[in-house]
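Below you'll find the structure, written out as structure tokens, and then a few comments.
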Amino acid sequence: MDMSYQEWSITGSLAAMLVVYGYYFAAVLRHVGQLEFALGRLIFAVIAIVVIEIVYHIVLALETHPEPKDERDVVIEAKAYRNAYFAYGTGAFLVISAVIAAGLARIAITPFLVVNLVLLFMVLAEVVKLVTQLLCYRRGS
Amino acid sequence: MGNAHIRNNIRRLRFDRSEMTQQQLAEKVGVTRQTVIAIEGDKYSPSLEVAFRIARAFGVPLEEVFQYVGTEDSDENAA
Numbered sequence: 451m452d453m454s455y456q457e458w459s460i461t462g463s464l465a466a467m468l469v470v471y472g473y474y475f476a477a478v479l480r481h482v483g484q485l486e487f488a489l490g491r492l493i494f495a496v497i498a499i500v501v502i503e504i505v506y507h508i509v510l511a512l513e514t515h516p517e518p519k520d521e522r523d524v525v526i527e528a529k530a531y532r533n534a535y536f537a538y539g540t541g542a543f544l545v546i547s548a549v550i551a552a553g554l555a556r557i558a559i560t561p562f563l564v565v566n567l568v569l570l571f572m573v574l575a576e577v578v579k580l581v582t583q584l585l586c587y588r589r590g591s
Numbered sequence: 253m254g255n256a257h258i259r260n261n262i263r264r265l266r267f268d269r270s271e272m273t274q275q276q277l278a279e280k281v282g283v284t285r286q287t288v289i290a291i292e293g294d295k296y297s298p299s300l301e302v303a304f305r306i307a308r309a310f311g312v313p314l315e316e317v318f319q320y321v322g323t324e325d326s327d328e329n330a331a
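Chains as they are written, first to last, in the numbering used here: chain A, 451 to 591; chain B, 253 to 331.
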């Protein structure tokens, strides 16, 4: 497949996000309620993402011809951020609604749940951004 | 507001100039080859600055590279 440097870069970031945070949420779901366990895994996930991104982009720079962003890259990135903002805003609204509804119904919502829900929507927003960019590049728009 | 319809003659102008490649044009204009492909395929409308740089790369006026052929709305209003 003929892909540009930007597309390879985004594809690598997307794969890293899905693998690392997929592992994080799978691990956390097996230890529901254990905030310290989740914190330890989160720190590991953040470090893993940074290391994977650095190594991947070094290899990518050696294997391909890195190109600086031009105006079309910036336009595509702006569209992607718009979609990501919508996804994250929707997530934030849902979390706030859930906390208020739980409060009214006198159901306890733990910090563990709120933290992980917010994190989930942050990850989803980033995935939406990266997928939007890939779709725009593939469509040639 | 409908989609703008901007047509271009980049492909013809490239071939008129000793079959200039998309990569060569991209380097002259200062954009990526993918952006030249998108502009040439009428899938991306460049900024005025890039449009002028493309015209300058071919040594022709802007109108010879790009033509504005209206929008869906303006076509409907005109009818």
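C-beta atoms are modelled at their ideal positions from N, C-alpha and C, and glycine is treated no differently.
Practice task
Check whether the Cβ of B/Ala290 lies closer than 7 Å to any Cβ atom in chain A.
Solution key: Within the second sequence, the letter at position 38 stands for residue 290 of chain B. Yes - at least one Cβ of chain A is within 7 Å of the one on B/Ala290.
Problem - Reduced DSSP category for A/Phe543 - H, G, I as helix; E, B as strand; rest coil - result: Within the first sequence, the letter at position 93 stands for residue 543 of chain A. In the structure shown, A/Phe543 sits in a helix (DSSP, three-state: H, G or I).
Problem - Supposed close pair A/Gly462, A/Tyr531 - CB separation, criterion 8 Å - result: Here residue 462 of chain A corresponds to residue number 12 of the first sequence, with the count starting at 1. Here residue 531 of chain A corresponds to residue number 81 of the first sequence, with the count starting at 1. Contact flag wrong, Cβ pair sits at about 19 Å.
Problem - Neighbour-count burial assignment, A/Pro561, 16 or more Cβ in a 10 Å radius - result: For the purposes of this step, residue 561 of chain A is identified with residue 111 of the first sequence, where counting begins at 1. Under this definition A/Pro561 is an exposed residue.
Exercise for the section: For B/Thr273, return the contacting residues in chain A, with the cut-off set at a CB-CB distance below 8 Å. Expected result: As a first step, residue 273 of chain B is located in the second sequence; it is residue number 21 there, counting from the start. Within chain A, no residue comes near B/Thr273; the closest Cβ sits about 15 Å away, beyond 8 Å.
Exercise for the section: Please list, in chain order, all residues of the same chain as B/Phe310 whose beta carbon is under 7 Å from its beta carbon, the five residues on each side excluded. Expected result: Within the second sequence, residue 310 of chain B is the residue found at index 58, counting from 1. Correct list, in chain order: Leu265, Arg269 and Val317.
Handout entry: Proximity to B/Asn260 [Cα-Cα], best of B/Glu279, B/Phe267 and B/Gly293
Key = Residue numbering aside, residue 260 of chain B sits at position 8 when the second sequence is read from its first letter. The option with the nearest alpha carbon to B/Asn260 is B/Gly293.
Exercise for the section: Identify whether B/Arg259 lies in helix, strand or coil by the three-state DSSP scheme. Expected result: Within the second sequence, residue 259 of chain B is the residue found at index 7, counting from 1. Here B/Arg259 sits in strand by DSSP.
Handout entry: Per-residue burial, A/Ala528 [other beta carbons within 10 Å of its own, 16 or more giving buried]
Key = Position 78 of the first sequence, counted from the first residue, corresponds to residue 528 of chain A. It is exposed - the Cβ of A/Ala528 has fewer than 16 other Cβ atoms within 10 Å.
Problem - Neighbour flag for A/Ser547 against chain B, beta carbons, 7 Å - result: Taking the first sequence and counting its residues from 1, one reaches residue 547 of chain A at position 97. No, A/Ser547 does not count as interfacial toward chain B.
Problem - Straight-line Cα distance separating A/Val581 from B/Gln274 - result: As a working note, residue 274 of chain B is residue 22 in the second sequence. As a working note, residue 581 of chain A is residue 131 in the first sequence. Computed Cα separation, rounded: 27 Å.
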